[in-house]
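Asks:
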């Protein structure tokens with residue numbers, strides 16, 4: 296798909312400050328173990344970590360999806376939810392547990408994933424808890440001051456064995472749907488399960504649309520599923536990892552939320568894939584992929600997008616030799632800009648090796664630093680990053696499972712740069728003639744994108760008479776945001792974003808009636 300032509304940007308960004316984070320303290324511990332003074336000791340089998348501002352107080356709260364075991368069911372365990380008090384200097388714990396207040400008796404279950412998103416469209420964060428090992432999933436609606444309400448009856452009935460779940464607007468109707476990685480079974484290591492699609496009717500009630508919209512395709516033990524617009528056509532495609540397959544899956548969206556399997560044509564096929572993590576690692580505007588554990592001798596893989604949603608394995612050039620560790624049995628990757636230099640670095644969580652950082656040189660070539668985390672963490676299955684304590688640096692939360700090890704909260708020290716890098720507005724699909732919807736890809740070199748990562752993502756609109764307004768964009772999955780322009784044929788607009796640290800950026804200026812004007816809205 297050709298990209299729309301636009302004028303040069305008229306935003307006033309000033310100089311981009313490049314901070315030499317990780318210098319001065321290069322090859323040194325960058326995150327300090329603060330578990331004892333934040334959440335205390337946990338003792339569950341944690342598969343994934345979710346971060347969200349559950350009560351809208353501006354502090355990032357912690358959610359741990361719990362319940363073992365590996366391929367067979369263990370004992371149901373409580374999901375753990377912790378409220379961030381914002382007080383990291385006082386004598387008490389910085390987080391207070393709110394599991395019972397939110398989930399009550401429903402906290403004890405088998406789960407590998409919690410998805411915290413605004414599923415009913417009322418502006419606050421709701422909770423989907425995926426059922427594992429042949430159990431039912433749960434849905435909790437956030438009613439603000441009225442508390443949390445169990446609305447699991449609004450989910451399709453039945454028991455599944457979910458390895459992951461993602462929310463996103465796959466059919467373009469303005470609400471968040473759910474795509475689910477089902478393991479099938481029991482036994483779960485034999486046939487596998489079909490990826491599921493539950494469509495949202497707008498108020499957080501879901502209907503199973505799998506049979507009509509997804510290919511019949513059994514996937515064996517998927518630990519990770521991602522919604523990613525791989526081909527830049529303004530809809531969300533589905534990437535599904537597969538441990539017990541010859542390769543992962545790429546289901547391409549036709550724009551209406553109906554998918555076809557185009558894995559063989561677009562995606563290098565490697566067995567034992569634990570995760571796909573999407574980000575523009577080389578700065579060319581499209582989304583590339585880092586995959587986990589599917590390279591030779593359990594190494595990682597870097598897949599580069601050609602701009603049309605076809606990927607090539609370029610690992611040898613971008614993570615050469617010893618930089619790509621063998622036999623580490625890694626489980627998870629997340630993107631972050633650890634040195635605030637305006638590119639995406641990668642944190643790797645490992646089962647049998649040190650959790651470590653890949654540092655990006657700005658072109659998508661990486662070097663590995665295994666000294667940034669000295670804490671023993673032999674069971675890292677989940678990673679999440681956010682500024683927990685308000686110092687402008689990205690902290691890390693580790694979820695530990697499979698071996699006996701508690702979850703960890705790691706606070707960044709001075710070796711991690713304060714975030715001064717502006718957001719990236721990579722792709723904007725301007726409204727076509729007669730249409731007013733705008734879709735943009737906006738990210739901060741961090742995965743996943745969450746509501747607490749942003750102060751604002753909006754359309755800055757200038758009308759012909761000189762009046763200006765801001766139109767909020769709504770997150771629709773991955774790094775995509777959508778909004779509707781005012782019905783004014785003479786307006787000019789650009790996408791602007793302010794991240795949680797207060798860094799600003801605005802994209803190019805567009806109009807609905809010809810070339811962009813000589814002046815447009817400010818950042």
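In the numbering used here, the protein residues as written are 296 to 818. Where a beta carbon is used, it is the ideal one built from N, C-alpha and C, also for glycine.
How close, in whole Å, do the beta carbons of residue 585 and residue 641 come, if the pair is a contact with beta carbons under 8 Å?
Replies: As a position in the chain shown, residue 585 is number 290, starting the count at 1. As a position in the chain shown, residue 641 is number 346, starting the count at 1. With 8 Å as the limit, residue 585 and residue 641 qualify as a contact, their Cβ atoms being about 6 Å apart.
Asks: Which whole-angstrom value is the C-beta distance of residue 678 and residue 613, which I expect to be below 8 Å?
Replies: Position 383 of the chain shown holds residue 678. Position 318 of the chain shown holds residue 613. Not confirmed; about 21 Å, so no contact.
Asks: In angstroms, rounded to a whole number, what distance separates the CA positions of residue 774 and residue 456?
Replies: By one-based count along the chain shown, residue 774 stands at place 479. By one-based count along the chain shown, residue 456 stands at place 161. So the alpha carbons of these two residues sit roughly 27 Å apart.
Asks: Check the C-beta distance from residue 638 over to residue 652 and give it rounded, since I have them as a contact under 8 Å.
Replies: As a working mapping, residue 638 is identified with position 343 in the chain shown. As a working mapping, residue 652 is identified with position 357 in the chain shown. About 13 Å separates the two Cβ atoms, so there is no contact after all.
Asks: With the cut-off set at 8 Å, would you say residue 436 and residue 413 are in Cβ contact?
Replies: Counted from its first residue, the chain shown places residue 436 at position 141. Counted from its first residue, the chain shown places residue 413 at position 118. No, they are not a contact pair.
Asks: With a threshold of 8 Å, are at least 3 pairs of Cβ atoms found where one atom belongs to the segment 709-726 and the other to the segment 617-637?
Replies: yes
Asks: Comparing C-alpha positions only, which one of 739, 591, 365, 593 sits nearest to residue 636?
Replies: What you label residue 636 is simply residue 341 of the chain shown in a count that begins at 1. Of 739, 591, 365, 593, the residue nearest in Cα terms is 739.
Asks: Let me know if residue 563 comes out buried or exposed under the rule of 16 or more other beta-carbons within 10 Å of its beta-carbon.
Replies: Locating residue 563 in the chain shown gives position 268, where the first residue counts as 1. The residue in question, residue 563, is buried, as its Cβ has 16 or more Cβ neighbours within 10 Å.
Asks: Which whole-angstrom value describes the C-beta separation of residue 596 and residue 604, a residue pair presumed to lie in contact below a C-beta threshold of 8 Å?
Replies: Here residue 596 corresponds to residue number 301 of the chain shown, with the count starting at 1. Here residue 604 corresponds to residue number 309 of the chain shown, with the count starting at 1. That pair is no contact at about 17 Å.
Asks: In chain order, which beta strand (DSSP E) runs of at least 3 residues are fully inside the segment 704-764?
Replies: 719-724, 732-738, 749-757
Asks: Using a Cβ-Cβ cutoff of less than 7 Å, which residues in the same chain neighbour residue 318 once the five nearest sequence positions on both sides are dropped?
Replies: The residue you call residue 318 lines up with position 23 of the chain shown. The predicted model places residue 318 with a pLDDT of 45, which falls under 50 and marks its position as unreliable; any figure quoted below should be read in that light. Within the same chain, residue 318 has no close Cβ partners at all.
Asks: Using a 10 Å radius around the Cβ and a threshold of 16 neighbouring Cβ atoms, would you call residue 407 buried or exposed?
Replies: Residue numbering aside, residue 407 sits at position 112 when the chain shown is read from its first letter. Looking at its Cβ environment, which holds 16 or more other Cβ atoms inside 10 Å, residue 407 is buried.
Asks: Going by beta-carbon coordinates alone, are residue 754 and residue 765 separated by less than 8 Å?
Replies: Counting from 1 along the chain shown, the entry for residue 754 is found at position 459. Counting from 1 along the chain shown, the entry for residue 765 is found at position 470. Contact flag set, yes.
Asks: Tell me, which residues are paired with residue 695 by DSSP?
Replies: Looking up residue 695 in the chain shown gives position 400. Per DSSP, 675.
Asks: Taking residue 411 as part of the beta strand (DSSP E), name the residues at either end of that continuous run.
Replies: Start at 1 with the first residue of the chain shown, and residue 411 comes out as number 116. Residues 406-412.
Asks: Rounded to whole angstroms, what's the CA-CA distance from residue 491 to residue 387? Just pull it up for me.
Replies: On the chain shown, residue 491 is found 196 positions in, with the first residue counted as 1. On the chain shown, residue 387 is found 92 positions in, with the first residue counted as 1. Cα to Cα, residue 491 sits roughly 43 Å from residue 387.
Asks: Please go through the same chain and pick out, in chain order, the residues whose beta-carbon is closer than 8 Å to the beta-carbon of residue 782, but skip the five residues on each side of it.
Replies: Taking the chain shown and counting its residues from 1, one reaches residue 782 at position 487. Hits under 8 Å: 731.
Asks: Considering only C-alpha positions, which residue in the set 727, 571, 722 is nearest to residue 518?
Replies: For this step, residue 518 is matched to residue 223 along the chain shown. Ranked by how close their Cα comes to the Cα of residue 518, the residues 727, 571, 722 have 571 in first place.
Asks: DSSP state of residue 484, grouped into three classes?
Replies: Taking the chain shown and counting its residues from 1, one reaches residue 484 at position 189. Reduced to three states, the DSSP call for residue 484 is coil.
Asks: Pick from 742, 644, 580, 503: whose alpha carbon is nearest that of residue 722?
Replies: In the chain shown, the residue the question calls residue 722 occupies position 427. Selected option, being the one with the closest Cα: 580.
Asks: Hey, would you say residue 346 sits closer than 8 Å to residue 746, going by beta carbons?
Replies: Position 51 of the chain shown holds residue 346. Position 451 of the chain shown holds residue 746. Not in contact: residue 346 and residue 746 (Cβ atoms no closer than 8 Å).
Asks: Which word fits residue 801, buried or exposed, when buried means at least 16 other C-beta atoms lie within 10 angstroms of its C-beta?
Replies: Locating residue 801 in the chain shown gives position 506, where the first residue counts as 1. The residue is buried, with at least 16 neighbouring Cβ atoms inside 10 Å.
Asks: With 16 other CB atoms within 10 Å as the buried threshold, where does residue 610 fall?
Replies: Taking the first residue of the chain shown as 1, we reach residue 610 at position 315. Residue 610 is buried by the Cβ-count criterion.
Asks: My parser needs the alpha helix (DSSP H) runs of 4 or more residues fully inside the segment 506-568; what are they?
Replies: Runs of the alpha helix (DSSP H) inside the segment 506-568: 558-561.
Asks: One question on the structure: do residue 405 and residue 423 come within less than 8 Å of each other, judged by their Cβ atoms?
Replies: As a position in the chain shown, residue 405 is number 110, starting the count at 1. As a position in the chain shown, residue 423 is number 128, starting the count at 1. Contact: no.
Asks: What whole-angstrom Cβ distance do residue 466 and residue 494 have, given they're in contact under 8 Å?
Replies: Stepping through the chain shown from its first residue, residue 466 is reached at position 171. Stepping through the chain shown from its first residue, residue 494 is reached at position 199. Contact flag correct, Cβ pair sits at about 6 Å.
Asks: Under a Cβ-count criterion, where at least 16 other Cβ atoms within 10 Å of its own Cβ denotes burial, should residue 757 be classed as buried or exposed?
Replies: If you number the chain shown from 1, residue 757 lands on position 462. So residue 757 ends up on the buried side.
Asks: Strictly by DSSP, which residues pair up with residue 392?
Replies: The count along the chain shown starts at 1 and reaches residue 392 at position 97. In the DSSP output, where bridge partners are listed per residue, residue 392 has 377.
Asks: If I measure Cβ to Cβ from residue 806 and keep anything under 6 Å in the same chain, skipping five residues before and after, which residues do I get?
Replies: Taking the first residue of the chain shown as 1, we reach residue 806 at position 511. These residues qualify, in order along the chain: 787.
Asks: Take residue 748 as the anchor and find which of 645, 547, 688, 795 has the nearest alpha-carbon.
Replies: Numbered from its first residue, the chain shown carries residue 748 at position 453. Out of 645, 547, 688, 795, 795 has the C-alpha closest to the C-alpha of residue 748.
Asks: Distance, Cα to Cα, residue 366 vs residue 697?
Replies: Counted from its first residue, the chain shown places residue 366 at position 71. Counted from its first residue, the chain shown places residue 697 at position 402. Going from the Cα of residue 366 to the Cα of residue 697 covers about 11 Å.
Asks: Taking all protein chains shown into account, do 16 or more other C-beta atoms lie within 10 angstroms of the C-beta of residue 526, making it buried, or fewer, making it exposed?
Replies: Along the chain shown, read from residue 1 onward, the residue named residue 526 stands at position 231. Residue 526 comes out buried.
Asks: Using the beta-carbon count (16 or more within 10 Å), is residue 461 buried or exposed?
Replies: As a position in the chain shown, residue 461 is number 166, starting the count at 1. Result: buried.
Asks: Excluding the 5 residues preceding and the 5 following residue 550 in the sequence, name in chain order all residues of the same chain whose CB lies nearer than 8 Å to its CB.
Replies: Reading the chain shown from its first residue, position 255 is the one you call residue 550. If we look at residue 550 and ignore the five residues flanking it on each side, its Cβ neighbours are 467, 528, 529, 530.
Asks: Find out if the Cβ-Cβ distance for the pair residue 644, residue 669 is shorter than 8 Å.
Replies: As a first step, residue 644 is located in the chain shown; it is residue number 349 there, counting from the start. As a first step, residue 669 is located in the chain shown; it is residue number 374 there, counting from the start. Not a contact, by the Cβ cut-off of 8 Å.
Asks: According to DSSP, which residues form a beta bridge with residue 489?
Replies: Here residue 489 refers to the residue found at position 194 when the chain shown is read from its first residue. Residue 489 is bridged to 513.
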